[in-house]
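Q: So the sequences go chain by chain: A and B. Sequential numbering of the first sequence, starting at 0, is according to numbering that gives the first Met the number 0. Sequential numbering of the second sequence, starting at 0, is according to numbering that gives the first Met the number 0. Each residue gets a CB set at the ideal place from its N, CA and C atoms; glycine is no exception. First the structure, which I've put down as structure tokens, then a few questions once you've had a look.
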Amino acid sequence: MKRVFSVLAVFLALTGIGHAATVTNKGTDTVVLVVVENGSRIDVALDAGMSESLCASGCFVTLPNGDRIALDGGETVEIIDGSAVIK
Amino acid sequence: MGTFRGLIGKWVLVAVCLCLAAGLSAAQEQAPAPAAPPPAAAQPAAVPPPPAAPATPPAGDAAPDDSLNQVIAKGKDDLGAARKRIDRLSDAVDKAATDDQKLVDLKAQADDATRSILAVPVGLRPRFDAIKNRLTELGDPPGEGQPPEADIVAQERKQLTSERSLINALTGEAEDLSIAGTNLSNQITEMRRKLFTETLFRRSDVSVEMFNVAGTAFVNELSSLDNVFRSWIKFGLRYKQLPLLSAVLLSLTAALVFLAGGYRLFGHYIRRDEGIVDPPYITRLSVAFWSTTVQTISLGAFLVTSFFFLENFNILRSDVAPIIASVLGFVGVVYFVWKLAFSVFSPTRHDWRLVRVSNSGARDLCWAIMAMAMVSALDYVLNAVSAGLGSPVILTVAKSFTTSFIVGVLLVVISFFRPVLAENGDPEARGRPWPRILGVALRIIGIGLIFACLTGYVGLARFLASQIILTGAVVATMYIGFLSGKAVSKRSSFAETKLGRALQEKRGLGPVALDQIGLAAGLGIYAVALVTGVPLILLSWGFKTGDLEQWAFRLFTEIRIGSMTISLFGIVGGVLIFALGFLITRWLQKWLDNNVMERSQVDTGVRNSVKTGIGYLGIAMAALFGVSAAGIDLSSFALVAGALSLGVGFGLQNIVSNFVSGLILLVERPFKVGDWVVTGTTEGFVKRISVRATEIETFQRQSIMVPNSLFINASVGNWTHRNKLGRADISVVVNYDSDPRRIMELLTEIAESHPKVLRNPSPMAVFSAFGETTMTFELRAYLADIVNGGSVRNDLRLAIYERFRAEGLGMPFKTDVPVEEAKPEEAVSEPPGSQPAKDGKTSIVVNAQTGKAGG
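Now the structure itself:
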């Protein structure tokens, strides 16, 4: 039993290391996000209902409605009507 | 740490602002400010309230100007500071264009600054969300033709919108700044690459004149070194006698403590036991390891404490200190290499050698390695001297030239050694040369070094020489690590170690367990050798720890193949979760079975079914969790499964049908584990009901796997379905001389006297058939446990025989006519009465008609 718990503890420690942010398009149309990560600007197209993992090391995202948000990784972002809900 | 503290500071500030805002708005709610009466109250009838405009003042999250401006102003200030920091770093980078170490520091700072920029907009996010929510609450502004909204609402909307664009602008600024920071970091990397190439390929003038100049410089350096040390020693002896003496004494004490302690703790491992002939590899290894470690650590303690006390007693001067430190380092390194080389090669005792080389090869290699270590360490000391005394650069060039040249020559010399053990394995014999590739590579590298020196690429030669020595040392250590791993994991070698013996005695582990531990330990040693060796080599090649960390992180968190991302952590996590689920399932099964169902007197069949069902369910769930945790998208599986289901439906029809049959068997329970079943030609006890098949053990102890579908599609006989009650039939044949009533009486009596025959229903004897010369009777006895049928029938037959003989029934008995027992098949196919006596005379034929003969 002790072994099981120690394995579990190690596993939890490992999983807590760091994650990318997950962006999901909850709207009905494809949206295009401008993502600035590691000094480069890229366009990310997200089809309706799709989600994508972005920026493990933090990034800036420009949303379709012109808002800019900064993500430091680990967030869950939902895009509805061109606007973002960050959880 | 600094950024972390900064972050906390920002959050605290934001929190304070929010609290303030909440307090202010609450105050407004309690006492509406008389100076600004709500316009809606001033013109109640003229303007109907707009649909979305709330009647209450702004909620707590939309704060008044002051605090909001504080948050944004704070963000602005932070950004300004970050911009200044980046600018400063950029200037510093320009200045430090030739200093690699400084560039490394600056890169770390630039990366840190870039990361800290992100914190500014992230800190503004709560405010931004609050603004957005408030704007949504306010709704769209009234369109053309609609009545205008209240002033206060319009004003609030205006303010919120302006704030929103302000924050957007700030975030944009942060974005640009972060790009600038990343660019700066990339620029530094590029500069370092260029600097490295330039330094490496800078050509120095190598000529007689250069050596003349360097020689003069060297003589000057020696004389100034002489002066420095002479004055220092004089000063030390005159004014610092006591501290000097105590420093030496104290450091000697420390060394003695380590040495004595080491010998006391590990003395057994340090000394070679001369009595042992051809010691096992593990013994050799532990002696080599402990003797090298304990003695080097003792010397290291002496050296470090010497320097520490000399420094702390103010005996060292600033110009002498680095030189003394380098000399102490030189002594330590050379001693370590000497101990290690002699432990590994053991030039005098071939049976204690760790690597398989010939005697002469071991001796030569030892000396060559020592020479190389000496040359490199000496170069290091001389460089420290030059740096301490401010000698001209040309001297450094000359020294690098000499060192690289000597290393090159040594490599060429080593390539001509013959260290590989002779074919007959005799270490005394002359060895064979290096494997061809290794020999040629050594020669090419050595000649390359000499050539680079002679053509003036001294920087390159020096770099290569030090890389070869460092990499060679790490590779050799890794090799010994692998050899030890191999030795430990060798069959039954772990059991012979002290630890193995201790485990055997204390834990009572068997040889198989010890062997497995040895294997695991060996694999562990391999892993440790790889995990420490490879990064060390990469570090010595100029990679930075940050790069390595990032690689390792990438390797474990995301490997991209096309558009798919695989995460090793994810997969390991998935496997662990599955294992955990599996363990929990097993535990739950055991707990339910032993603690709940057994005590509730649940029928064994139900117990088995529930146990198996929980097992399937648990494993299926664990697999699902594991797959999800591994980051594998189940929806993509659904697509594939849909496409393949038709093919799978046909191909796996049997397996699926058996599986479903297995589930039906579990629910319906026509038999349970331990039952005596008959299906088709198979008869025996059920041992296990599993997913696809049921294991049946026949009376001959043969295991038969019967596919589950057979039990569902065909009829199954179960002797022990509801209870174990069963009837054993024995047919008895006697001649017409006997009295049938007496026979029946006797038979019933015999059955009743058997302890395993039930009284109720009582046994009975029946007159079942007339034969030509014999009458056939049948004794029907009910047994509580039909599984005992065989032995009970046997007992009954014996009793019948003995009793009939004693009563003279069935006479005339002839001793040469045996009591005949019909074969079961005959008994089934023909009526027992038709079994005539061999010679036409009467005999007793006892039949087992039930077919339970096997029990």
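For the stretch 658-667 of chain B and the stretch 607-616 of chain B, state whether three or more C-beta atom pairs, one from each stretch, are separated by less than 8 Å.
A: For the pair of segments examined, the stretch 658-667 of chain B was found to touch the stretch 607-616 of chain B: the number of CB pairs separated by less than 8 Å reaches three.
Q: Do B/L339 and B/T291 count as a contact pair if the criterion is CB distance below 7 Å?
A: yes
Q: Less than 7 Å between CB atoms is the rule here; does B/P120 satisfy it with respect to chain A?
A: yes
Q: Return the residues of the stretch 390-405 of chain B that lie within a Cβ-Cβ distance of less than 8 Å from chain A, sorted by chain order.
A: none
Q: In chain B, which residues lie less than 8 Å from A/I68 when you measure between Cβ atoms?
A: P120, R124, F127 and T170
Q: For A/T61, write down the residues that DSSP places opposite it in a beta bridge.
A: A/V33 and A/R67
Q: From the DSSP output, in three-state form, read off B/N657 for me.
A: Three-state DSSP puts B/N657 in a helix.
Q: So with CB distances below 8 Å, who are the chain B contacts of A/L37?
A: The amino acid occupying residue 37 of chain A in the given sequence is Asn; Leu does not appear at that position. Going along chain B in sequence order, the residues near A/N37 (Cβ under 8 Å) are T181.
Q: Among the candidates B/S177, B/E172 and B/V705, whose CA atom is the shortest distance from the CA of B/V676?
A: B/V705
Q: Can at least three beta-carbon pairs, one atom from the stretch 195-204 of chain B and one from the stretch 134-148 of chain B, be found at a separation below 8 Å?
A: no
Q: At what residues does the beta strand (DSSP E) containing B/T496 begin and finish?
A: Run containing B/T496: none; DSSP gives neither H nor E here.
Q: For a minimum of 4 consecutive residues, which ranges assigned as the alpha helix (DSSP H) are wholly contained in the stretch 245-315 of chain B?
A: 280-311
Q: Are the stretch 163-174 of chain B and the stretch 352-363 of chain B touching, with three or more C-beta to C-beta distances below 8 Å?
A: no
Q: Taking CB distances under 7 Å as the criterion, tell me whether A/D80 reaches chain B.
A: no
Q: If you scan the stretch 742-792 of chain B from start to end, which runs of the beta strand (DSSP E) of 3 or more residues do you find wholly inside it?
A: Runs found: 763-769 and 773-782.
Q: So who's on the other strand from B/R804, going by DSSP bridges?
A: Per DSSP, none; premise fails for B/R804.
Q: Could you work out which residue in B/S403, B/G180 and B/L105 is closest to B/L78 when comparing CA atoms only?
A: B/G180
Q: Contact defined as beta carbons within less than 8 Å: I believe B/R283 pairs with B/W351. What is the distance between those atoms, to the nearest angstrom?
A: 5 Å
Q: Quick check on B/L117 - is its C-beta less than 7 Å from some C-beta in chain A?
A: yes
Q: Within 10 Å of its beta-carbon, does A/A83 have 16 or more other beta-carbons around it, so buried, or fewer, so exposed?
A: buried
Q: Under a Cβ-count criterion, where at least 16 other Cβ atoms within 10 Å of its own Cβ denotes burial, should B/K497 be classed as buried or exposed?
A: Here B/K497 is exposed. Its C-beta has fewer than 16 other C-beta atoms within 10 Å.
Q: Leaving out the 5 sequence neighbours to the left and right, which residues in its chain are closer than 7 Å to B/P36 when beta-carbon positions are compared?
A: With a pLDDT of only 38 at B/P36, under the threshold of 50, the placement of this residue in the model should not be trusted; the figure read from the coordinates follows. No residues qualify anywhere along the chain.
Q: Examine chain B for any beta-carbon lying closer than 7 Å to the beta-carbon of A/G57, and answer yes or no.
A: yes
Q: Under 6 Å Cβ to Cβ from A/I85, same chain only, skipping five residues before and after it: list those, please.
A: E74 and V76
Q: Using the C-alpha atoms, what's the distance from B/G484 back to B/V419?
A: 22 Å
Q: Taking Cβ to Cβ, would you say B/G604 is nearer than 7 Å to B/R700?
A: Contact: no.
Q: Under 7 Å, do B/R417 and B/G438 count as touching if we go by C-beta distance?
A: No, Cβ-Cβ distance for B/R417 and B/G438 is not below 7 Å.
Q: Which partner residues does B/V457 have in the DSSP bridge list?
A: Under the DSSP definition of a beta bridge, B/V457 lacks any partner.
Q: In chain A, what lies closer than 9 Å to B/R114 by C-beta?
A: Residues of chain A passing the Cβ test: S56, G57 and D71.
Q: For B/Q294, count neighbouring Cβ atoms within 10 angstroms of its own Cβ and tell me buried if that reaches 16, exposed if not.
A: Its Cβ being crowded by 16 or more others within 10 Å, B/Q294 is buried.
Q: At the level of alpha carbons, what is the spacing between B/T347 and B/R114?
A: 59 Å
Q: My understanding is that B/V319 touches B/W433, with C-beta atoms under 8 Å, so please give their C-beta distance in whole angstroms.
A: The Cβ separation is near 45 Å, so there is no contact.
Q: Going straight from the alpha carbon of B/T747 to that of B/A798, what length do you get?
A: 12 Å
Q: In chain order, what are the residue ranges of uninterrupted beta strand (DSSP E) at least 3 long that sit wholly in the stretch 558-641 of chain B?
A: 558-560 and 563-565
Q: By the three-class DSSP mapping on this structure, what secondary structure does B/K485 have?
A: helix
Q: In three-state terms, what does DSSP make of B/W337?
A: helix
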